[in-house]
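For the working numbering, count along the sequence shown from 1 and bump the result up by 251. A short write-up of the structure that comes next.
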Amino acid sequence: MQSEVYYNLRKKLFSVRIKGKVKHHNDNVVIYNPRFVVQEGGRQRVLKTKQKNVHAFVRGSWVGNVGLDFEHNLERAYYNPYKCNSFIDYVTQEKVSEAEYAWLTTNSGKPIIWYKTHDNTFYKEGTYNA
Numbered sequence: 252m253q254s255e256v257y258y259n260l261r262k263k264l265f266s267v268r269i270k271g272k273v274k275h276h277n278d279n280v281v282i283y284n285p286r287f288v289v290q291e292g293g294r295q296r297v298l299k300t301k302q303k304n305v306h307a308f309v310r311g312s313w314v315g316n317v318g319l320d321f322e323h324n325l326e327r328a329y330y331n332p333y334k335c336n337s338f339i340d341y342v343t344q345e346k347v348s349e350a351e352y353a354w355l356t357t358n359s360g361k362p363i364i365w366y367k368t369h370d371n372t373f374y375k376e377g378t379y380n381a
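Okay, here's the thing in structure tokens:
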């Protein structure tokens, strides 16, 4: 089911939005064919007002609230509106646009985004680099 998933700062869980309405909250969410989206207008509002708003999320096919037990085979991404305008790979510091799947989870109330690209090759600027 097509959805948008974002980290809910108040609940310290991920919110799953389907057709514009939040339907679920969970600490483990798996998304297939994710696109990592940052809406620049919302980001600019955060920079101007220093107040958080929902402007960054992972869009794709939500398969449920499950966890994966092989994070050592996955890449890690993060987003910080004060430091970058897109989701960024934790190690390479490259922009992450899309992937094969993403596992969004929490650790001690902090969001962690794991993802896997096809053949562990990064998607950059929306194009597949084979």
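Using N, Cα and C, we set each Cβ at its ideal position, and we do this for glycine too. Predicted, not measured: the structure shown is a model, and the values here were computed from it.
Between residue i and residue j, how many whole angstroms is the CB-CB distance? I'm expecting something under 8 angstroms.
| i | j | result |
| --- | --- | --- |
| Tyr-256 | Leu-355 | Sequence inspection shows Val at residue 256; the Tyr mentioned does not correspond to that position. Confirmed, about 6 angstroms. |
| Thr-368 | Ala-350 | 5 angstroms |
Does the distance from the CB of residue i to the CB of residue j come in under 8 angstroms?
| i | j | result |
| --- | --- | --- |
| Pro-285 | Arg-310 | yes |
| Pro-332 | Val-297 | yes |
| Trp-313 | Val-273 | no |
Where does residue i fall in DSSP's three states?
| i | result |
| --- | --- |
| Glu-291 | helix |
| His-276 | strand |
| Val-297 | helix |
| Asn-304 | coil |
| Asn-284 | strand |
| Asn-358 | strand |
Opposite residue i in the DSSP bridges: which residues?
| i | result |
| --- | --- |
| Leu-264 | Asn-259 |
| Gly-311 | Ser-254 |
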